[in-house]
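Asker:
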Amino acid sequence: MHCVHLRMNKHVMKLVGFVLMFVLLLSIYRLHVKSTGKCQGLTKFEPNDDYIADYFADDWRLVQHIRRFYLEPPVDRRVPYLLNDPHAVDYSQLNQSAVVASFFNHKRNGFFVEAGAYDGEEFSNSLYFEKELNWTGLLIEPDDESYEQLSRKQRKAWRLKACLCGSHKPCKMKMYRTGDSWSLSEYTLWFRMIGLRLSDHISVTDVWCFPLLSVLLAINRTDIDYLALSMEGAEIPVLRSIITDKLNITVVQVEVLSFLDVS
900 MHCVHLRMNK HVMKLVGFVL MFVLLLSIYR LHVKSTGKCQ GLTKFEPNDD
950 YIADYFADDW RLVQHIRRFY LEPPVDRRVP YLLNDPHAVD YSQLNQSAVV
1000 ASFFNHKRNG FFVEAGAYDG EEFSNSLYFE KELNWTGLLI EPDDESYEQL
1050 SRKQRKAWRL KACLCGSHKP CKMKMYRTGD SWSLSEYTLW FRMIGLRLSD
1100 HISVTDVWCF PLLSVLLAIN RTDIDYLALS MEGAEIPVLR SIITDKLNIT
1150 VVQVEVLSFL DVS
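Using this note's numbering, the final residue of the sequence shown is 1162, and nothing's skipped along the way.
(1) Which residue marks the beginning of the beta strand (DSSP E) containing F1003, and which one marks its end?
(2) So L1038 and R1058 are supposed to be a Cβ contact under 8 angstroms. How far apart are they, rounded?
(3) Give every residue of the same chain whose Cβ lies closer than 6 angstroms to the Cβ of G1015, excluding the five residues on either side of it in the sequence, and list them in chain order.
(4) Where do the ends of the alpha helix (DSSP H) carrying Y1046 lie?
(5) Excluding five sequence neighbours on each side, which residues of the same chain lie with their C-beta closer than 8 angstroms to the C-beta of Y980?
(6) May I have the straight-line CA-CA distance separating L1146 from V1103, to the nearest angstrom?
(7) What three-state label does DSSP hand D874 in the structure shown?
(8) With respect to the alpha helix (DSSP H) encompassing R977, which residues constitute its N-terminal and C-terminal limits?
(9) Could you tell me the alpha carbon to alpha carbon distance between S1045 and R976, rounded to whole angstroms?
(10) Kindly indicate which residue of I1142, A1127 and I1141 has the alpha-carbon position closest to the one of V1155.
(11) Go through its chain and collect everything with a Cβ distance to I1148's Cβ below 7 angstroms, but skip five positions before and after it.
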């Protein structure tokens, strides 16, 4: 009996030891993910960070938070692109990239910011500059699906999974998505909001919107050659919020919704 009891104790001790070892390894892994902000190659967004809404655009705490949790660095130039149409030259919707490039006399090694970057290829306002003129820059896209596609294109620019806001503090907004389009609650035009609410397939998520200054300070950049805004209604508020004495922007391209008189 004593022999059987001892054997059972040994088995129990081995089982307890295995469980403790598993818990220890799991704890170490969680600490590693928390400290690096990375998990399987994807940026880890910190949960429950609503407190950053109290920080002004140039607050170093906000700048560091964006840098640590929301930004991903450019892909090395030696890594080939993974594009659906690798042989195209101008990817912009109306070939406006070539027109904008002429404003710079086809300058090389410039810097762009594209807000509303979509998948990083289709209708891209910046890919021409990056591929043909060796520019780099910042690509901003809040939509989960589009950002995932963008991340696979191997773009040679910073990536930010968020949106820009029209205020001097960050704010969290509702993003309404249906099909391939999305709109932000604070900036959606009334007739577009009606259409969204009537849609049978609509998803609503919370997204952070940051001041442009905060994001640029996070990548140590205040000079922009080319700023392209395509943000489904948020363009004008973002432009009004830009602190002109802290940022130097040469060319701004804004997507606007126009109404035609068909009477």
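Where is the CB? At the ideal position from N, CA and C, for every residue including glycine.
Answerer: According to the data block:
(1) Locating residue 1003 in the sequence shown gives position 104, where the first residue counts as 1. Premise fails: F1003 is in no beta strand (DSSP E) and is neither H nor E.
(2) If you number the sequence shown from 1, residue 1038 lands on position 139. If you number the sequence shown from 1, residue 1058 lands on position 159. Indeed, because the Cβ distance is near 5 angstroms, the residues count as touching under 8 angstroms.
(3) As a first step, residue 1015 must be located in the sequence shown, where it is residue number 116. Here the set comprises S1129 and M1130.
(4) Within the sequence shown, numbered from 1, the residue matching residue 1046 stands at position 147. Element bounds for Y1046: D1043 to R1051.
(5) Taking the first residue of the sequence shown as 1, we reach residue 980 at position 81. Hits under 8 angstroms: K1030, K1052, Q1053 and R1054.
(6) Your numbering for residue 1146 matches position 247 in the sequence shown. Your numbering for residue 1103 matches position 204 in the sequence shown. If you take the alpha carbons of L1146 and V1103, they lie about 33 angstroms apart.
(7) Lying outside 900 to 1162, the shown extent of the chain, residue 874 is not represented and no answer is given.
(8) As a working note, residue 977 is residue 78 in the sequence shown. Counting along the chain, R977 falls outside any alpha helix (DSSP H), and DSSP gives it neither H nor E.
(9) As a working note, residue 1045 is residue 146 in the sequence shown. As a working note, residue 976 is residue 77 in the sequence shown. Taking the straight line from one Cα to the other gives about 22 angstroms.
(10) Against the sequence shown, residue 1155 aligns to sequence position 256. Checking every option, the nearest Cα to that of V1155 belongs to A1127.
(11) Position 249 of the sequence shown holds residue 1148. Here the set comprises I1123 and L1126.
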